[in-house]
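A quick write-up on the structure given underneath.
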Amino acid sequence: MYSTGSYSSISVAIGDLNKDYRLDIAIVNNDTGSIDILFGRYEGFQNQTRYSAGSYPQSVVVGDFNNDARLDIVVVNSGSNDVSVLLGYGNGSFENQTRYSAGSDPQSVVVGDFNNDTRLDIVVVNYVSNDVSVLLGYGNGSFENQTRYSAGTSPQSVVVVDFNNDTRLDIVVANVHSNDVSVLLGNGNGSFENQTRYSAGSWPQSVVVVDFNNDTRLDIVVANEGSNDVSVLLGNGNGSFENQTRYSAGSSPQCVVVGDFNNDTRLDIVVVNSGSKDVSVLLGNGNGSFENQTRYSAGSDPQSVVVGDFNNDTRLDIVVANYVSNDVSVLLGYGNGSFENQTKYSVGFWPQSVVVGDFNNDTRLDIVVANKDS
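Rendered as structure tokens:
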């Protein structure tokens, strides 16, 4: 375990921040208004280097914002209603933050090129002001002032993709308290059409976009905490979607990811259920429909889930961060859609976010967990 000096490390991003071909870690510290960088070595990580962010940072991503082939960092700060951009020197060090205004209580951030100028832009979802902020990049590491677009009530999770096959990035947002998702189609010049909203279940928490029915059109899946299910919305390829089909999950699903768990080239769904202390696996039929869930035990209050092949058998496995039992659960896949019983590994206090990557270049996947109270 590596110290961050914080009692509220809540979010993680990975990338090669110093161009040594080893993955490094950027960690958001919610209580100290900072981010910590841990640089990868062959065995383990160096002690953290700390950089200031805004107040109560929530989420972090990396990207090259000034086209110098060096990774930079953007952090969304819920307490100060802004984002912090830290430009990288390519040796693992960063300039002091530059902050840009967002909406009220921003929660999540993603990046993409929204005006097709080969320069990365920023999208932020604002939980209290019920909108998204778009900040267009100049390509030198600086950004225009935000333009805000209405979303539903309490937007929390965001993904950017091209829904209507026009080579322009679009936005989808899960709105917790209006029980729906907002789709904003991009015009290709950095502006967006007004939202179109589609019903989901109760308290949608997490959204993922993939092609479930192999028609080359992107579809949406949402984990609904309040109604204990997932919503699948099949895309028509023109930016519109069919009405949701809902599939039962466990109690209080928090996070959803997809993968092919039975090697049939059809995407399947895994959902982590905090209330029932388990994960739900729903195998896909390849036509956009899914089999009934099979549930596997996890730890106490699981919050986050990722998939990867952890034993190099070409079969996807599952790893879950368990917030209350202070551990992670690893469920090895048999390759037929079923999984072994969990093996639990102790971590710090209140693990909240988990990512995977090969941090020591041994071709084996490793796990990184952000512990909120360690």
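Heads up: take any position in the sequence shown, counting from 1, add 911, and you land on this note's numbering.
No residue lacks a Cβ here, since even glycine has one placed at the ideal position from N, Cα and C.
- V939 is positioned such that its CB atom lies closer than 8 Å to that of I946.
- Partner residues in the beta bridge of R1206, as assigned by DSSP, are S1191.
- Considering only A1013, G1023, F1025, E1055, the residue with the shortest C-alpha distance to N1041 is A1013.
- By the criterion of a C-beta distance shorter than 8 Å, R1206 is surrounded in its chain by G1161, N1184, S1187, D1189, V1190, S1191, V1192, once the five residues flanking it on both sides are discounted.
- Bounds of the beta strand (DSSP E) holding N940 are 935 to 940.
- Here Y932 is not bridged, per DSSP, to any residue.
- A distance below 8 Å between beta-carbons, with the five flanking residues on each side excluded, links V1265 to the following residues of its chain, in chain order: V923, S1215, V1216, V1217, V1230, V1231, A1232, V1239, I1278, V1279, V1280, A1281.
- Going by C-alpha positions, E1153 is about 6 Å away from L1144.
- Assignment of G1244 by DSSP, reduced to helix, strand and coil, places it in the strand class.
- A contact between stretches requires three or more CB pairs, one per stretch, nearer than 8 Å, and the region 1065 to 1075 fails this requirement with the region 994 to 1001.
- Among the bridge pairs identified by DSSP, A1085 is matched with S1068, V1092.
- Residue environment analysis places S1211 among the exposed positions, since fewer than 16 neighbouring C-beta atoms fall within 10 angstroms of its C-beta.
- Shown here, D1130 sits in a strand according to DSSP, grouped into three states.
- Residue environment for F976: buried (at least 16 other C-beta atoms within 10 angstroms of its C-beta).
- Judged by DSSP secondary structure, V1231 falls within the beta strand (DSSP E) whose first and last residues are 1228 to 1233.
- Membership of L1046 in the beta strand (DSSP E) is indicated by the continuous run 1042 to 1046.
- For the 8 Å CB-CB criterion, P1164 and V1182 form a contact.
- Separation of the CB atoms of S1065 and V1087 is rounded to 4 Å, and the pair is thereby assigned contact status at 8 Å.
- Per DSSP, the unbroken beta strand (DSSP E) holding G974 starts and ends at 968 to 974.
- Inclusion of D1140 and G1101 in the CB contact set at 8 Å is not warranted, their separation being larger than that value.
- Secondary structure at A1160: coil, using DSSP grouped into helix, strand and coil.
- Linking S1236 to E1136 through their CA atoms gives a straight-line distance of about 20 Å.
- Secondary structure at G1063: coil, using DSSP grouped into helix, strand and coil.
- The shortest CA-to-CA distance from G944 to any of S1110, R961, G1219 is the one to R961.
- Close CB contacts of V1267 within its chain, under the 6 Å cut and outside five residues either way in sequence, are with V1217, G1219, L1276, I1278 (chain order).
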